[in-house]
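What follows is one structure encoded as structure tokens, with my remarks underneath.
There are 2 protein chains.
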Amino acid sequence: MACAAEHRDQPSATPPPAGNPLTSKLLHFAPLSNSDRQHLDRLAAPEERFPASVDIIAEGMVPRSVFLLKEGMAMRYRNMPDGGRQIMTFLIPGDLCDMHVFLLKEMDHSIGTITPVRVAPISRESLMDLFASRPRISAALWWSSMQEEAMLRERIVSLGRRDARGRVAYLLCELLWRHRAVGLTNGEVFRLPLTQTELGDTLGLTPVHINRVLKEFRQRSLISMDRRMMSLLNVEELQALAGFNKDYLHLGGTSPEVTRYFDGLEANLKR
Amino acid sequence: MACAAEHRDQPSATPPPAGNPLTSKLLHFAPLSNSDRQHLDRLAAPEERFPASVDIIAEGMVPRSVFLLKEGMAMRYRNMPDGGRQIMTFLIPGDLCDMHVFLLKEMDHSIGTITPVRVAPISRESLMDLFASRPRISAALWWSSMQEEAMLRERIVSLGRRDARGRVAYLLCELLWRHRAVGLTNGEVFRLPLTQTELGDTLGLTPVHINRVLKEFRQRSLISMDRRMMSLLNVEELQALAGFNKDYLHLGGTSPEVTRYFDGLEANLKR
DNA sequence: CGCCTACTTGAATTCATTCAAACGCCGTGG
DNA sequence: CCACGGCGTTTGAATGAATTCAAGTAGGCG
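Heads up: the sequence lines are chains G and Z, in that order.
Everything in the first sequence is counted per our numbering, starting at 101 for the first residue and increasing by one.
Everything in the second sequence is counted per our numbering, starting at 101 for the first residue and increasing by one.
Written out as structure tokens, the structure reads:
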């Protein structure tokens, strides 16, 4: 029953569709006016490309602008003195590369591409302008960064308390929901262009062990993989294996109270 | 040479002293006017107490206000279905309990006390007011939350890529610097009221293994412990063991560019 | 004094790593 | 067309770091 739906599906919560993945994601937080959506589209219009396996920004550098990832996959990672590497998070379409820009002197980690990517550079000025003039978008971006923080905490839980199977299962579930939130799933299928080495570097495991876990999952018909497309054949059991609960992604939006507050700000500006 | 300096020492960077630990911390980011400092002192004035080992907020709850921790130690943690527990971060004086309040519907983790604590509750309103009227403080708080995020990423690196010794050493170094930043160290000595079980729940290790690592550190004269006071006798070697580099704490403040920007906002408001 | 919690230590076990080798796929170039 | 590498994956066997189980010690407190 899970194999392949024919159409892209909407995130299960409530959110309308949107061509812009960032818009799709932010709609999980709160509704946005047409004007807000247009603003986001303008923001996403500029385009720059990077090939696979290059750094967009490296540790120690001072980033000059934020990047909105429009297509492809990237990662935040850090190289270890002993030659190892730890991948902290994956960036998928709709994710912003670095809000840190504004406040921190230099990057404490690197951002590198996994596949070729298309990004929209966003200057400091236009972001500041956005903060000043679009309270609802600003709030949604803030929410989005809270969500990212929550994902970091969950990763800590994974690495600290789950065994290899649980870690892999958890990551797969998280990526499924994240892709759903930006409209990039097809049933339980999504693009996963990661090597087993990269999975290992993410989950604190060796590539060979990742291999064994994936093999087991395939044999138990929990997943199937074909030319970088990952299908979760039994999400129920994967979630159970991982102790996964999607609440931490906060896809349900915010409270009416908060919405009202930002509507108030919005109204204020109009005058 | 490391055992016990006679006075509280200042964080090595540049920051002036301050009775208020939050102020001390924020001064690492940028200078604050007397008026700003007074504002922070007013915020920190209200007082509420919690005993040790209770939840200030539990997973699933909707927090009603932010808490500024003034004294004692607390933790963000999450209980696992199998009875286990993962501690995500420790909260020390100067830390704010939950900025998430405003945007997320409910807590995805709990905050519990470790020791008895004194906190200053801060209402949503006074925080919103602060954001509107105190750009420099707001920026500093934002910086502080970037710092927290960086610490989460570092924890991921620890759990993913460091062995037990490295993890313990890393945590000790981090806590030393964090305590320094709020003026709560005495040379290389600081209060560490954690049980070995709590350390284990933080670092993804069993208490017995924590015990063995600490024993080794004591035997190698890297640390000494006495009635909950932790002395790092050989910070150099601990940092080497952990591959520790304090840059991720961003204690060096921000760029002049950013400072100028917020000074501009400040000036704007004055009119 | 007795109890509870935290700490300590030893021995057996296990999950994941390390080392090693082979396989398949794919693009390049002879 | 096939040979050649390179990279990612797959599999086996030996090793090892940390866990589990178990039992004993030490310290704080009613």
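The beta-carbon is built from N, C-alpha and C at its ideal position, and this holds for glycine as well.
Note that the coordinates shown come from a computational prediction; the quantities given were computed from them, not determined experimentally.
Sequence-distant partners of K346 of chain Z (beyond 5 residues in either direction) whose C-beta falls short of 6 angstroms from its own C-beta, in its chain, are W277. For P181 of chain G, the nearest CB of chain Z lies under 9 angstroms from its own CB, placing it at the interface with that chain. For G266 of chain G, the three-state secondary structure derived from DSSP is helix. Contact annotation for T354 of chain Z against chain G: F202, L203, L204 and K205 [CB-CB distance below 9 angstroms, chain order]. Residue environment for L271 of chain Z: buried (at least 16 other C-beta atoms within 10 angstroms of its C-beta). G300 of chain Z sits close to P307 of chain Z, with the two beta carbons spaced by under 9 angstroms. Runs of the alpha helix (DSSP H) lying entirely within the segment 234 to 293 of chain G and spanning at least 4 residues, in chain order: 235 to 261 and 264 to 281.
Per DSSP, P307 of chain Z is one residue of the alpha helix (DSSP H) stretching across P307 to Q319. In the three-state reduction of the DSSP assignment, N345 of chain Z falls in the coil class, being assigned neither a helical nor a strand state. Exposed is the label assigned to S153 of chain Z, since fewer than 16 other Cβ atoms lie within 10 Å of its Cβ. One finds D208 in chain Z with Cβ atoms closer than 7 angstroms to the Cβ of D347 of chain G, taken in chain order. In the structure shown, the three-state DSSP call for L169 of chain Z is strand. The continuous alpha helix (DSSP H) containing T123 of chain G extends over residues P121 to L126. Taking a Cβ-Cβ threshold of 9 angstroms, the residues of chain Z close to A239 of chain G are F202 and L203, in chain order. Using a CB distance cut-off of 9 angstroms, A281 of chain G does not count as an interface residue toward chain Z. Straight-line spacing of the CA atoms in P151 of chain G and V217 of chain G works out to 6 angstroms.
Contact annotation: the segment 361 to 369 of chain G touches the segment 226 to 236 of chain G, with at least three C-beta pairs closer than 8 angstroms.
Non-local C-beta neighbours of G184 of chain G in its own chain, meaning closer than 8 angstroms and more than five positions away in sequence, comprise D301, ordered along the chain.
With a cutoff of 9 angstroms on beta-carbon distance, L284 of chain Z and P163 of chain Z are scored as not near each other.
Of the candidates Z:M173, Z:V313, Z:A264 and Z:E148, the residue whose Cα lies closest to the Cα of F190 of chain Z is Z:M173. For M199 of chain Z, the three-state secondary structure derived from DSSP is helix. Taking the C-beta atoms as reference points, G287 of chain Z is found no nearer than 9 angstroms to L341 of chain Z.
The Cβ atoms of R224 of chain Z and M180 of chain G lie no closer than 9 angstroms to each other. Under the DSSP assignment, A144 of chain G falls in the alpha helix (DSSP H) whose first and last residues are N134 to A144. Within the model, the alpha-carbon separation for V257 of chain Z versus A367 of chain G is close to 44 angstroms. In chain order, L338, L341 and A342 place their CB closer than 6 angstroms to the CB of A269 of chain Z, counting only its own chain and leaving out the 5 sequence neighbours on each side.
About 6 angstroms separates the CB atoms of L333 of chain Z and S324 of chain Z; that is less than 8 angstroms, so the two are in contact. Relative to the Cα of D182 of chain Z, the nearest Cα in the group G:S245, G:D263, G:L305 and G:L140 belongs to G:D263. L275 of chain G and L140 of chain G have their C-alpha atoms some 24 angstroms from each other. In this structure L259 of chain Z is in contact with G304 of chain Z, their Cβ atoms being roughly 5 angstroms apart against a cut-off of 8 angstroms.
Proximity of chain G to G304 of chain Z at the Cβ level (cut-off 8 angstroms) is accounted for by L259, G260 and R261, in chain order.
Listed along the chain, the chain G residues whose CB falls inside 8 angstroms of the CB of L252 of chain Z are E249, L252, R253 and I256. Remark: C-beta atoms of D198 of chain Z and M188 of chain Z do not approach each other more closely than 9 angstroms.
Interface flag for H350 of chain G against chain Z is set, since a Cβ pair is found closer than 9 angstroms. Our two residues, M175 of chain Z and E248 of chain Z, have alpha carbons roughly 13 angstroms apart in a direct line. Note that the C-beta distance between I310 of chain G and Q319 of chain G is not below 9 angstroms.
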